[in-house]
Structures are given as structure tokens and as C-alpha cells.
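Protein sequence lines, in the order shown, are assigned to chains A and B. Using my numbering, the letters of the first sequence correspond one by one to residues 25 to 212. Using my numbering, the letters of the second sequence correspond one by one to residues 2 to 362. Glycine included, C-beta positions come from ideal geometry on N, C-alpha and C. Small disclaimer: the values here were computed from a predicted structure and weren't measured.
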Amino acid sequence: MAKTVKLALAGEGGQGVQSVAGIIVEAAYNEGMEALYIPNFGVEQRGGVSVAYCQISDEQIGSPKFVYADLVIALSDRAVRRTQQYVNKNTVFIYDSSIEGVEKDLPANAKKVLAIPALDTAKKELHPRVFNVIIMGAAIAVTKIIEVEAAKKALEKKLGYKFEQDPKLRELNFKALERGAELVKDLV
Amino acid sequence: MTEKPIQGEKRVFMTGNEVVAWAALAADVDIMYGYPITPQNEVMHYWTRLSPKYGRGFLQTEDEISAGFTTCGGVLSGKRAFTATAGPGNMLMQESMTMAEMMRIPTVLVVQQRGGPSTATVIYSQQEVTMTCFGGNGEGLRIVYSTSTHQELFDYTIKSFNTAWKYRFPTFVLGDGYQAKMRESLYIYDPAAKGIVMEKTVPYLGQEGTPGVDREPQHLRNTYNTEEELNEQVNNLVAEYEKIAPEVIEYQTFNTDDADIVIIAHGVVTRAAQAAVKELRKQGVKAGHFRPVTLRPIAAKELKAVAGKAKKIIIAESAQGQLEKLVKDAIYGIATPLENYFRPGQGITSEELVDLVKKGM
Chain A
25 MAKTVKLALA GEGGQGVQSV AGIIVEAAYN EGMEALYIPN FGVEQRGGVS VAYCQISDEQ
85 IGSPKFVYAD LVIALSDRAV RRTQQYVNKN TVFIYDSSIE GVEKDLPANA KKVLAIPALD
145 TAKKELHPRV FNVIIMGAAI AVTKIIEVEA AKKALEKKLG YKFEQDPKLR ELNFKALERG
205 AELVKDLV
Chain B
2 MTEKPIQGEK RVFMTGNEVV AWAALAADVD IMYGYPITPQ NEVMHYWTRL SPKYGRGFLQ
62 TEDEISAGFT TCGGVLSGKR AFTATAGPGN MLMQESMTMA EMMRIPTVLV VQQRGGPSTA
122 TVIYSQQEVT MTCFGGNGEG LRIVYSTSTH QELFDYTIKS FNTAWKYRFP TFVLGDGYQA
182 KMRESLYIYD PAAKGIVMEK TVPYLGQEGT PGVDREPQHL RNTYNTEEEL NEQVNNLVAE
242 YEKIAPEVIE YQTFNTDDAD IVIIAHGVVT RAAQAAVKEL RKQGVKAGHF RPVTLRPIAA
302 KELKAVAGKA KKIIIAESAQ GQLEKLVKDA IYGIATPLEN YFRPGQGITS EELVDLVKKG
362 M
């Protein structure tokens, strides 16, 4: 990897962006890379836009926050509006296709803007609970920070105790990871 | 004896609050006193999770006023004790920290700065510089380390206990919400494995023997009756503080030898400044960076020498001139033009600093 990959994940509190960001950086760290992750949220206990800033690099990382991201994933209308500021001509901007009323708020200066049916896929094909893992699969596929296998290992580490109780959960999560990657295959 | 919390050295990936808890464990801290406030809550959470395994204590107090004073109390009884807070909590701890200044109580306080004034944000700022250095009624006779990475957070948390107990001035580790909440890699270690010897702690009160017969009596005072008496006491404290200052002062320089433009920044902003200097040098710009590690006492002589040679100084901080006040005081008398980059409550990136330097050329 030649440079630092910068990733901003944003959603409503409770959508799981922070846990996904945590798993991604943990996986990168386990693969021997330098990783820095900083959560950002307001004073509210529930709700509000929650942003996860991640940077992954082969050398030590500078300031924890960044000006422009390589990849932005926004999972709510407010998140779409909030994250425009991190977009420039090198940014891939992904949002969920179920978000309504944001047509005018989508960044015009991005390298690529893509709507993916992550929420729909989670609900219809898998389970709403693995929505964020679909997002994780998409993020990994676009940035190529880590291999899918490393992501699976990180999931295993984080959720292994649950997988032990119910092996179907493992299958569901791994499937979600792969589906996430498929949703962005046109970009890769 | 219980097992050491960390054997040798190991690489880990964790949040800054967790780092502080591990550092305090590794530094053989006996007890933490605390009251929750974001963004330092997890210092307490991790400490309460980890400390019982190693026979260490914890007391949650009713507020920060109490947390500060119980920390003083713990130290008076000879315990290696600390507390942690942020923002409005830091304010409430100022009274106890001035008592620590007056009575030379080696308390350690870890501050994870949040936005201000008032409740403001729970995220990040560098707006507690003035308060942490000079917050009380009195002369700011304290030692303040401003950290920038998780590695430093670990190193300086351990070091702060030794500094406090060696010099007997209240010692602060000044972090921020970014450092508190972010995750990055670092090495945690058993101080002994690095040849670090922890300063011995002794009780101020309740020592063996009869005072005046077997030993000198302990006379701990924070109350004085006459102007002259107080003036003499403060003069003595200031003289001792100034005597130890040269030993305590820490700073770092990056490409300052031939620098035309010197960026002065502390804490987490030094990361942006270091990266900016690297980038600017690549582009052929003679940029340098001076970073005070101790904000109190500050490396005034060294800063003045660097600033005096430069053609321009830029002070970058996530506050409205709190570092600038310290810097101006230190460099009084030099004529180098000065530019400010103040972003109260907001993070600063290397890209912004590179743009700023180039725009001014």
C-alpha cells in the first residue's frame, strides 16, 4: 500500500457504523498495518449522526481527523448531508438506496457516487442485524485494505462466542460480508 | 505477591482511555479516585475492570470536587493515587490541585480535554491548556505533560507518577477527546523491563514514632495568617519550582535548524504539524516545527532561540490562543512575525497547515 487509506462511515446512532469501523481497523492491525480509528458523536444517548473516521496505512498515521476521505459511506439522509464535506474528486461516495429525498444533497464533485441496496439486501435475503456487516464487505471491497479472509478472521474474533452458540450466525455474517462486496463489484 | 499486570513488553491496539488505565496499573498505582465525565469515562471503566485482579483500589466519589480532594487524601496516606477528568470536571478539581501545590502533594491528574466553554462538546479541544497550567488561585506550580500519541499517553502516565513523587508538585497528563477515544497501536510494558524505577511513596501523615522526639514533625499548611508569612511561603514554593524546572522541561524540534517558517503546536496537533513539515520539505519549503511537551514549565529558552532564527512563526492550536499566550510569554523580545491558526474545539489536519504555509509565501 502506497498511501494512507481514509474512510468515513456515517449513520444514525445504532446502525452499527462504529462497531463495523472497529472491526475493520482491528483486522488491519492484525494484518500488521498501522490503523487509527476515531468515533465522533454528540452528547445524546441515542440517535444523532454517528461518524467513524478510519485511517489505515503502512506507516505511522498523522492527525486523527482528515479533510477528505477516499471512501465515504452514508447510511441515512442526515449522514449524507453531514459527510459531503469529506468528499473531493478522489472520493468514492456510497449511500444506501433506500434513503429518500437526498437527490439534491449528493456530492457533485465525487470520483463516483453509488447507491447500494444494503438495507434491502439485509432485510430480504439475510437478516436486518447484519446490515452493518454488508456495509463492511462493501468498504473492504472498495478500499482493498484487507482481504475478505482477514475480515472473516476479525469477525470471528469479535463475534466468535456468539458463533459458537449458533453456527448459523457465522454463516449469516460471512454471507453478508460477501454480499456487501458484490454490491460494489462495478466499482472494483 | 500478585502477578505483574504486564510481563515485559507487548504490542496492543486500544483506546487512549484504556492506555491510561494500563499505564497506571503498570506504574504500581494503588488507587484511583474518580467521577465520570465524557470523554474520560473509560479510564475509570477499565481501571475498575482491571484493578481488582491486581489488588488495587477504586473509589467513585460524589463529584469532581471530592475526587480531587480524595486523591490528595490518598497521597497524604502514602498511596500512589490518581484521578482523571475533563472540561467542567477539570474546573471543579482546581481547588484541590491548588491545595496540592501549597502542600506539595504529588497528585496525578489525567485530563482528556473536551470542548468549552460550559458543557460544549464531548468530542475534542485544546481549550483546557490555561486551566490545566494555571487554573487555581495561585501561581500554577504544577507540571503539565501534553501528549500526542497512545505511546506517549502510556509513557507519560507512568512518568507523571515519578515526576510528581520526585519533585512533589501536582502533575498533569494533558490529553484530549481524540486521544481518549481513538484506537491506535502502541507498546505497553512493565516499567522495570525498561529500567524504569518507580519513585518510592511515603505517607505524609501517620508516620512511625513520636513527632519531635523520633522524627521531625510533619507540618502541612494551606492557611496563613499574615501577608508576610504567605509571601515568604509562596516565594519559597516559586524558588523550588524554578530550580527544578530545567530538569523537568521537555520539548521536540523537527527540522528547525534551517527553518524559515516554524509551526508551534502541542498535543495531538503536533501530529499534523510533523506531517505538514515533512510534506513541505518534500516540496522544497524550509519549514520546521517546535513542540513543547511540557506546557508548564515550558521550554522558554529553547523556544525563543528557534523562534528568533525563523522568518515567521505559526501557532496552531484547537483553542483561541491558549498556547499562544504561553508562547508569547516565552519569546518576549524577539521580532519574528507571528501568525495564528486558531480552531477552538476543532481538529487540525496536516493538509490545512500545508495550505496555510503555502498561501503565506
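- Task: Give the single residue among B:L324, B:I332, B:T350 whose Cα lies nearest to the Cα of Q127 of chain B.
- Result: Comparing C-alpha distances from Q127 of chain B to each of B:L324, B:I332, B:T350 shows the shortest one belongs to B:L324.
- Query: By a C-beta neighbour count over all protein chains shown, 10 Å radius and 16 as the cutoff for buried, is S52 of chain B buried or exposed?
  - Reply: S52 of chain B should be labelled buried.
- Chain-ordered neighbours of Y179 of chain B on chain A, where CB pairs are closer than 7 Å: I62, P88
- Item | chain A within 8 Å of F70 of chain B, Cβ atoms only | Taking Cβ atoms only, chain A never reaches closer than 8 Å to F70 of chain B, which makes this a no.
- Query: Does the beta carbon of K359 of chain B sit closer than 8 Å to a beta carbon anywhere in chain A?
  - Reply: no
- Task: From the DSSP output, in three-state form, read off E36 of chain A for me.
- Result: Correct three-state label for E36 of chain A: strand.
- Mind checking which residues open and close the alpha helix (DSSP H) that includes A301 of chain B? Run containing A301 of chain B: 301 to 310, per the alpha helix (DSSP H) assignment.
- For Y110 of chain A, count neighbouring Cβ atoms within 10 angstroms of its own Cβ and tell me buried if that reaches 16, exposed if not. That one is buried.
- Message: Can you look up M25 of chain A in the DSSP assignment and give me helix, strand or coil?
- Response: Bear in mind that a pLDDT of 38 at M25 of chain A, under 50, signals an unreliable position, so the number given afterwards is only what the model happens to contain. Three-state result, M25 of chain A: coil.
- Task: Mind checking which residues open and close the beta strand (DSSP E) that includes E153 of chain B?
- Result: No beta strand (DSSP E) holds E153 of chain B; the alpha helix (DSSP H) holding it covers 151 to 168.
- Return the CA-CA distance between T122 of chain B and G210 of chain B, expressed in angstroms with no decimal places. 52 Å
- Can you grab the Cα-Cα spacing for the pair L207 of chain A / L150 of chain A, in whole Å? 14 Å
- Message: Taking contact to mean 3 or more Cβ pairs, one atom from each stretch, closer than 8 Å, check whether the segment 171 to 181 of chain A and the segment 193 to 211 of chain A are in contact.
- Response: yes
- Query: In three-state terms, what does DSSP make of D259 of chain B?
  - Reply: coil
- Under 8 Å between the Cβ atoms of M98 of chain B and T86 of chain B? no
- Item | Minimum Cβ-Cβ distance from Q127 of chain B to chain A less than 8 Å | no
- Shortest alpha-carbon distance to Y125 of chain B belongs to which of B:L77, B:F135, B:Y179? B:Y179
- Task: Select from B:E63, B:G17, B:D261, B:L154 the residue whose C-alpha is nearest the C-alpha of M362 of chain B.
- Result: Nearest neighbour of M362 of chain B by Cα position, chosen from B:E63, B:G17, B:D261, B:L154, turns out to be B:D261.
- chain A contacts made by the segment 271 to 284 of chain B, where a contact means CB separation under 8 Å: If the cut-off is 8 Å between Cβ atoms, the segment 271 to 284 of chain B has R272, A273, Q275, A276 near chain A.
- Message: Between which residues of its own chain and E10 of chain B is the CB-CB distance below 8 Å, once the five residues before and five after are set aside?
- Response: Y188, I189, Y190, D191, A194, K195
- Task: Please classify Y53 of chain A: does DSSP put it in a helix, a strand, or coil?
- Result: DSSP places Y53 of chain A in helix when its eight states are reduced to three.
- For C134 of chain B, I'd like the list of residues in its chain whose CB is within less than 6 Å of its CB, leaving aside the five on either flank, ordered along the chain. Once the five neighbours on either side are set aside, the close Cβ partners of C134 of chain B are G141, V145, L296, R297.
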